[in-house]
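Peer 1:
Residue numbers (the working numbering), protein chains in the order written: chain A, 670 to 899; chain B, 957 to 1208.
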C-alpha cells in the first residue's frame, strides 16, 4: 500500500466514524423528541462538540494530504468529495442539535397525534434511513445506491411541501397546540435539509467513484449532466 | 486554428529484436506543450529520440513507420536538417565546456559550418538568451565559459542553443531532473513563454511537472501509447485504468 493509500484509508475510516456519530445524534434527537426526554436532548447538545471536532480534524487531514501527497485522479476526487461530505455531515449534526434544543426549550411535550398527522415521524425515519444508506453507498462505493437517494429525497420534499397545510390542520383542531405545532413545522423544515444534505453527499459519492458531476441537475436528468460534461 | 506540426503514424522502434516503441499514432499541434510520461523502460525517451532521428545513432537500433514534420516524413529528410528543425535539450545540462556562453549559443551555426556575420550572431545570441530568460543574467559575461553558470542557468543556455537554430519543435528529455527546485521552477516558467513560438515535447518522470506545464499528456506503458489526452482530464479522470494506476502510484 502506498503512503497516500494509507492516508486515504485512514481518512475514509474517520469519515465513517463521523457518519456513525451524526447518525446516532439524529436518532437520539428523534428519541428525545418522541419521549420528550430532556436529558437525552442535552446529551445530543453536548456531543455536538464531538461532531465539530471531527469536522476540524478531517479538514486538517485533507489539507495535509493535499500538501504532502499531491493527489491526482480518483485520489484527488476522493479528497474533494471528503471535504464536502465532511461539511454536509457537520450540518446534519447541527440539525440534530437544533432539534434537541427544541426539546430542551419546549415546555410541553410534542403531541403524538400531531407528529403522526403531519407525517413528521415518517419523515424523520426516512431521513435517518437515507443517511444510513449514503454511508453504505460511500463504504461500498455503490453508485446505484447513491442514485437511489435522489428519489427518496422526493418523499421528504413532499412531506415538507404539505407541511403548511398539515400543520395548519393541527392548529385549527386545537389552537392551544400552536407552540408545539410551530416546533413540528420547524423540525419538518430541518428534516428537509437533512434530505438535501444527504443528496449532496450522494452526488459527491458519484463524483468520487465515477467522475460525474450531477449537482445542479434535477434527479432523472443525468443525461443533461453527461451531455454538458462531454 | 489548431494545426498539426508533428504526427507519428504507426511508428515503431527496435533495439535489435527488442521492440521498444509499438505502433504509436499521435498528432501534436503547433504551439502545444506535450508531456510524455510513463515508467522507466516504457519507450518514452526512445520515442522522443525517434522524432529527431537520434534513435538511429545507437548501434542495432531501427525504426518503422513515419514521423511527419509539417506533413513530411523526417526519415526521408537529411538527418542534419531534421535536427536543425527539431531542437533537443537533455537531462543534464551539456554546454560545450571549451566554448564561451556566446559561442555556445551559436554553436549550431559554428559546428554546421554555417557562416553568419558578427552582427547577425550578436542578434541571434541576444534573442536566444532573451527567449531562454537568461539574457539579463549573462549579458555582461557572454565571453565566460558556459560551464561557469549554475545548473539551472546551464540548462537555460542549452535551451538558448536549441532556440538559436530557430527550430519548429523542441524536445526535452527530463530537462529538470538534475536541477534544484528553484532552477526547475525557472525552466518550467520558461516553458510557458516558449510555447508562444515553439512546440515543446517534454519527457518527464515528474508527474506534477507534467501536470503543471503541459497542455496535453501522453502516457506510455510497455512501448505502447496507452492514453493521450488533455492534461487536466488525464490528472482528474484518466480514461485508462493503467494510466490511473500509474499517476496514483498504484503501479505494480
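Each residue gets a CB set at the ideal place from its N, CA and C atoms; glycine is no exception.
Chain B beta carbons: is any one of them nearer than 9 angstroms to that of residue 751 of chain A?
Peer 2: With 9 angstroms as the cut-off, residue 751 of chain A does not count as an interface residue toward chain B.
Peer 1: Going along chain B, which residues have a C-beta under 7 angstroms from residue 742 of chain A?
Peer 2: 1191, 1192, 1193, 1194, 1200, 1203, 1204
Peer 1: Return the first residue and the last residue of the alpha helix (DSSP H) that residue 1163 of chain B is part of.
Peer 2: 1163 to 1169
Peer 1: Which residues, taken in chain order from the region 670 to 682 of chain A, show a beta carbon closer than 8 angstroms to some beta carbon of chain B?
Peer 2: 671, 673, 674
Peer 1: For chain B, find out if any of its Cβ atoms is closer than 9 angstroms to the Cβ of residue 880 of chain A; answer yes or no.
Peer 2: It does: the Cβ of residue 880 of chain A has a partner Cβ on chain B nearer than 9 angstroms.
Peer 1: Do you know how far the Cα of residue 695 of chain A is from the Cα of residue 762 of chain A?
Peer 2: A direct Cα-to-Cα measurement between residue 762 of chain A and residue 695 of chain A gives close to 7 angstroms.
Peer 1: With a cut-off of 9 angstroms, does the C-beta of residue 1167 of chain B fall near any C-beta of chain A?
Peer 2: yes
Peer 1: Measure from the alpha carbon of residue 807 of chain A to the alpha carbon of each residue in A:679, A:768, A:873, then state which is nearest.
Peer 2: Among A:679, A:768, A:873, the Cα nearest to that of residue 807 of chain A is on A:873.
Peer 1: Please compile the residues from chain B whose C-beta is within a distance smaller than 9 angstroms of the C-beta of residue 910 of chain A.
Peer 2: The requested residue 910 of chain A does not occur in the structure, where chain A is confined to residues 670 to 899.
Peer 1: Going along chain B, which residues have a C-beta under 7 angstroms from residue 745 of chain A?
Peer 2: 1192
Peer 1: Where residue 767 of chain A and residue 851 of chain A are concerned, what is the direct C-alpha to C-alpha distance, given to the nearest angstrom?
Peer 2: 14 angstroms
Peer 1: Measuring straight from C-alpha to C-alpha, what distance separates residue 1201 of chain B and residue 776 of chain A?
Peer 2: 60 angstroms
Peer 1: So, is residue 1069 of chain B buried or exposed, given that buried needs 16 or more other C-beta atoms within 10 angstroms?
Peer 2: By the 10 Å Cβ count, residue 1069 of chain B comes out exposed.
Peer 1: So residue 1172 of chain B and residue 990 of chain B are supposed to be a Cβ contact under 8 angstroms. How far apart are they, rounded?
Peer 2: That pair is a contact at about 5 angstroms.
Peer 1: What did DSSP end up calling residue 806 of chain A once you bin it into helix, strand or coil?
Peer 2: Of the three classes helix, strand and coil, the one that applies to residue 806 of chain A here is helix, per DSSP.
Peer 1: Which residues does DSSP pair with residue 985 of chain B in a beta bridge?
Peer 2: B:960
Peer 1: For residue 732 of chain A, count neighbouring Cβ atoms within 10 angstroms of its own Cβ and tell me buried if that reaches 16, exposed if not.
Peer 2: By the Cβ neighbour-count rule, residue 732 of chain A is exposed, with fewer than 16 other Cβ atoms within 10 Å of its own.
Peer 1: Quick check on this structure: which residue in A:756, A:883, A:844, A:880 has the alpha carbon closest to the alpha carbon of residue 866 of chain A?
Peer 2: A:756
Peer 1: Just how far apart, CA to CA, sit residue 1060 of chain B and residue 1102 of chain B?
Peer 2: 7 angstroms
Peer 1: Which residues in the same chain have their Cβ closer than 7 angstroms to the Cβ of residue 836 of chain A, if we skip the five residues on either side of it in sequence?
Peer 2: 787, 850, 853, 854
Peer 1: In chain order, which continuous runs of the alpha helix (DSSP H) of length 4 or greater are located wholly inside the region 1111 to 1161 of chain B?
Peer 2: 1137 to 1150
Peer 1: Once the 5 residues before and after residue 1152 of chain B are set aside, which same chain residues still bring their CB inside 8 angstroms of it?
Peer 2: Result list for residue 1152 of chain B: 987, in chain order.
Peer 1: In or out: residue 829 of chain A buried (at least 16 other Cβ within 10 Å) or exposed?
Peer 2: buried
Peer 1: Sort B:1074, B:960, B:1203, B:995 by Cα distance to residue 985 of chain B and report the nearest one.
Peer 2: B:960
Peer 1: Label residue 781 of chain A either buried or exposed according to how many other C-beta atoms from any shown protein chain fall within 10 Å of its C-beta, with 16 as the threshold for buried.
Peer 2: exposed
Peer 1: Once the 5 residues before and after residue 1017 of chain B are set aside, which same chain residues still bring their CB inside 6 angstroms of it?
Peer 2: So the qualifying residues of the chain are 971, 1011.
Peer 1: Between the Cα of residue 1206 of chain B and the Cα atoms of A:880, A:741, A:868, which residue gives the shortest distance?
Peer 2: A:741
Peer 1: For the beta strand (DSSP E) that residue 1172 of chain B lies in, which residues bound it at each end?
Peer 2: 1172 to 1177
Peer 1: Does DSSP put residue 728 of chain A in a helix, in a strand, or in coil?
Peer 2: DSSP places residue 728 of chain A in helix when its eight states are reduced to three.
Peer 1: Looking at C-beta atoms only, is the number of pairs between the region 1071 to 1084 of chain B and the region 1134 to 1145 of chain B that lie closer than 8 angstroms three or more?
Peer 2: no
Peer 1: Would residue 804 of chain A be called buried (16 or more neighbouring beta carbons within 10 Å of its own) or exposed?
Peer 2: buried
Peer 1: As a quick exercise: from B:1051, B:1050, B:1008, pick the residue whose alpha carbon is nearest that of residue 1034 of chain B.
Peer 2: The option with the nearest alpha carbon to residue 1034 of chain B is B:1008.
Peer 1: For residue 1117 of chain B, is the classification buried or exposed, using 16 other Cβ atoms within 10 angstroms of its Cβ as the cut-off for buried?
Peer 2: Burial of residue 1117 of chain B is indicated by the presence of at least 16 other C-beta atoms within 10 angstroms of its C-beta.
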